[in-house]
Each structure stands twice: as structure tokens, then as C-alpha cells.
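Undergrad:
In the numbering used here, the protein residues as written are 13 to 308.
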């Protein structure tokens with residue numbers, strides 16, 4: 013009998029402990045986290061856009077990133093806290109997407125959102141053959157101009173003066189040994205173009221660049237000035253400038269230095285610059301969406 017009573021008392025104690033544990037509920041986190049700031053994007057290739065942002069102040073647990081091109085095709089991915097850069101892949105080429113980033117607290121309560129529009133773009137680090145993309149000084153017998161995209165070959169095309177009607181950009185060292193000009197062919201000296209040549213507009217430029225992947229935007233590319241930009245011959249890092257062709261296609265052009273920090277490479281009379289290109293083959297899509305869409 014004593015053993016039975018002891019077991020009964022023990023069972024009663026366990027039941028009381030379990031009831032006591034069940035009464036200790038967690039207080040819900042009803043405070044939404046702060047939003048991110050500084051949302052920006054760049055095109056990695058035709059089907060991939062890279063997003064970058066600054067983490068929210070205060071406490072948060074994760075992110076949810078939504079993206080869509082129409083109201084009916086919304087998709088989403090999640091990212092852990094500490095993430096400040098993320099690639100969104102498998103996008104449709106030339107399609108403008110709206111990207112929205114939201115921070116979450118420990119109970120998945122959402123912050124206010126930050127959004128921007130962007131699109132993937134073609135990337136050309138070399139020609140399809142693997143050869144580098146080069147533009148030569150005007151004293152060279154090789155081409156000083158570049159058509160950013162040739163519909164026939166599906167890649168950029170180096171051109172000489174006799175094909176000036178198809179130049180989108182060009183270089184001209186103007187007889188200088190310490191610098192060169194790159195940009196709109198109409199701004200380069202010593203070259204006579206026919207009046208039917210496509211106009212090109214050059215917009216903002218960036219210095220201290222190692223890769224096109226470093227150049228992020230928070231709003232649409234806008235290029236409105238027909239210009240040529242002077243670059244020094246010696247620079248440990250490269251330069252990027254924005255182009256809008258006369259046909260309405262937007263691009264970014266990366267001028268690369270060699271290992272010795274030389275922008276203008278090669279031997280006198282046949283010197284050149286090497287470039288990489290991010291090109292949007294859909295006209296009037298400035299890598300992003302409607303004008304004045306700002307992501308911060």
C-alpha cells in the first residue's frame with residue numbers, strides 16, 4: 013500500500029509540474045522591425061539581378077524579398093539576418109521587375125517595404141571567341157569605334173572610320189601620351205562622320221572600379237549629354253560610363269587597366285583600351301523601370 017501511495021504522489025507532482033510549465037507562455041513580439049535602407053541593383057547578366065541594401069537599425073531576424081513583372085506573377089525568397097546582397101536569378105531577359113525587400117522580426121511581423129524596378133542585361137567580358145574587346149587609337153589601322161551590339165553576330169563589333177555610321181562609342185587619344193578621350197563619336201576630333209550616324213548620349217561615369225558588378229544604381233539610368241570623357245593613362249583601377257544609343261538602348265561600358273595600371277595599352281601607333289559591356293537589348297528599358305523609381 014505504501015508503494016502505491018508513493019507512486020500516486022509522484023504522478024501527482026509530475027502533473028502539477030507539467031501544468032505549471034504550460035502556464036509559462038512566450039510574449040508575442042508585436043513591434044515591427046525597422047525597414048532596410050539604400051536599396052540598389054545591378055544587372056549581372058540577362059537573367060540575374062543583384063540587389064544590395066543596408067541592414068535595418070535595431071533588432072530583426074530575417075528578410076523576405078518579393079519580385080514580380082506583373083500583378084499575377086509574384087515570387088519570393090527569404091534571406092537570413094546579416095544579408096546585405098542577394099542575386100535574384102532565372103528572370104526573363106529584358107523584362108522589368110519590381111523588387112521589394114522587407115525585414116521581419118522573430119514572429120515574422122513585417123517592416124514597411126522598400127522597392128525599386130530593374131531588369132537583367134547582357135554581359136560581354138570578351139567576344140564569343142574569347143578575345144578581348146578592344147578599341148584602338150586613331151593612328152592605328154584597326155578600329156577606334158565600337159558598335160555595342162550587332163544583331164547579326166549577337167555581340168559587340170569593333171569598327172573603323174569607314175563604318176562610322178554604326179559607331180556607338182569611340183576613343184581618341186588626340187595625340188596625347190598621358191590620357192585619352194572615350195565617348196560619343198561626335199565629340200572625337202580628326203574623324204569625319206556622315207550625318208546619318210546614330211547619335212549616342214553619354215551620362216554619368218564612375219572611377220575606382222574593378223568590375224561592372226561594383227556599379228549599383230538606385231534609380232533608372234538617365235543619359236542626356238553627348239560627350240567624351242577624358243581619362244588618365246595610368247590608373248590602378250578602371251572607369252565605367254553610361255551610354256544610351258541613338259536607337260534607345262542603354263549600356264554601361266567598363267574601361268579596364270592592365271596589371272601595370274595602364275588604361276592605354278600596347279605599343280605607340282597601335283595602342284588600345286580594353287572594355288567590358290553590360291547591354292540592354294530591349295529599347296527604352298534603362299536597366300530599370302519607370303522614371304524616378306528610387307529605392308531608398
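For every residue, glycine included, the Cβ atom is placed at its ideal position computed from N, Cα and C.
Taking the DSSP output, what are the residues bridged to residue 250?
TA: Note: residue 250 sits in a beta bridge opposite 221.
Undergrad: Here's a check: name, in chain order, each residue in its chain whose Cβ is nearer than 8 Å to the Cβ of residue 121, leaving out the five neighbours to either side.
TA: Cβ within range, chain order: 41, 42, 43, 44 and 45.
Undergrad: Can you list, in chain order, the residues of its chain with a C-beta nearer than 7 Å to that of residue 95? Leave out the 5 residues immediately preceding and following it.
TA: Around residue 95: 75.
Undergrad: Could you pull out every residue in the same chain whose Cβ sits closer than 8 Å to the Cβ of residue 112, ignoring the five residues on either side in sequence?
TA: For residue 112, where only same-chain residues beyond five positions count, the Cβ hits under 8 Å are 77, 78, 79, 125, 126 and 127.
Undergrad: Mind checking who residue 291 pairs with in its DSSP beta bridge?
TA: For residue 291, which the question treats as bridged, DSSP gives the partners 134 and 263.
Undergrad: Determine the direct distance from the alpha carbon of residue 107 to that of residue 181, and round the result to whole angstroms.
TA: Cα to Cα, residue 181 sits roughly 25 Å from residue 107.
Undergrad: In the DSSP assignment, find the beta strand (DSSP E) that holds residue 96 and state where it starts and stops.
TA: Element bounds for residue 96: n/a, residue is neither H nor E.
Undergrad: With distance defined between alpha-carbon atoms, name the residue in 69, 239, 149 and 97 nearest to residue 197.
TA: Nearest C-alpha to residue 197: 239.
Undergrad: Reducing DSSP to helix, strand and coil, say where residue 50 ends up.
TA: The answer is strand: DSSP assigns residue 50 an E or B state.
Undergrad: What's the gap between the Cα of residue 281 and the Cα of residue 150?
TA: Answer to the nearest angstrom: the Cα atoms are 8 Å apart.
Undergrad: Put residue 40 into one of helix, strand or coil per three-state DSSP.
TA: Coil, per DSSP.
Undergrad: Looking only at its own chain, which residues have a Cβ that is under 6 Å from the Cβ of residue 169, when we skip the five neighbours before and after it?
TA: Closer than 6 Å at Cβ, skipping near neighbours: 159 and 162.
Undergrad: The beta strand (DSSP E) spanning residue 109 covers which residue range?
TA: Taken as a continuous stretch (DSSP letters only), the beta strand (DSSP E) holding residue 109 covers 109 to 116.
Undergrad: Which residue wins for smallest C-alpha separation from residue 230, given the options 63, 68, 210 and 260?
TA: Of the candidates 63, 68, 210 and 260, the one whose C-alpha sits nearest the C-alpha of residue 230 is 63.
Undergrad: In whole angstroms, what is the alpha-carbon distance linking residue 131 and residue 103?
TA: Straight-line Cα distance between these residues: approximately 8 Å.
Undergrad: What separation, rounded to the nearest whole angstrom, lies between the Cα atoms of residue 284 and residue 155?
TA: If I take the Cα positions, the gap works out to 9 Å.
Undergrad: Tell whether a beta-carbon distance below 7 Å holds between residue 261 and residue 292.
TA: In contact: residue 261 and residue 292 (Cβ atoms closer than 7 Å).
Undergrad: Who pairs with residue 75 in a beta bridge, going by DSSP?
TA: Beta-bridge pairing links residue 75 to 91 and 115.
Undergrad: Where do the ends of the beta strand (DSSP E) carrying residue 161 lie?
TA: Looking at the DSSP string, the run of the beta strand (DSSP E) that includes residue 161 is 157 to 162.
Undergrad: If you draw a straight line from the C-alpha of residue 184 to the C-alpha of residue 190, how long is it?
TA: Near 12 Å, if we compare the C-alpha coordinates of residue 190 and residue 184.
Undergrad: Alpha carbon to alpha carbon, how far is residue 105 from residue 85? Give it in angstroms, no decimals.
TA: Each residue's Cα considered, the two are about 15 Å apart.
Undergrad: Under the rule that 16 or more other beta-carbon atoms within 10 Å means buried, what is residue 263, buried or exposed?
TA: Buried, by the Cβ-count rule.
Undergrad: How close, in whole Å, do the beta carbons of residue 224 and residue 298 come, if the pair is a contact with beta carbons under 8 Å?
TA: Going by Cβ atoms, the distance from residue 224 to residue 298 rounds to 16 Å, so no, they are not a contact pair.
Undergrad: Would the beta-carbon of residue 237 be found less than 6 Å away from any heavy atom of the ligand SAH?
TA: In terms of ligand content, the structure shown is empty, and the ligand SAH therefore cannot be addressed.
Undergrad: Where does residue 33 sit, in a helix, a strand or coil, going by DSSP?
TA: With a pLDDT of only 49 at residue 33, under the threshold of 50, the placement of this residue in the model should not be trusted; the figure read from the coordinates follows. DSSP places residue 33 in helix when its eight states are reduced to three.
Undergrad: Using the Cβ count rule (16 or more neighbours within 10 Å means buried), how would you classify residue 217?
TA: That one is buried.
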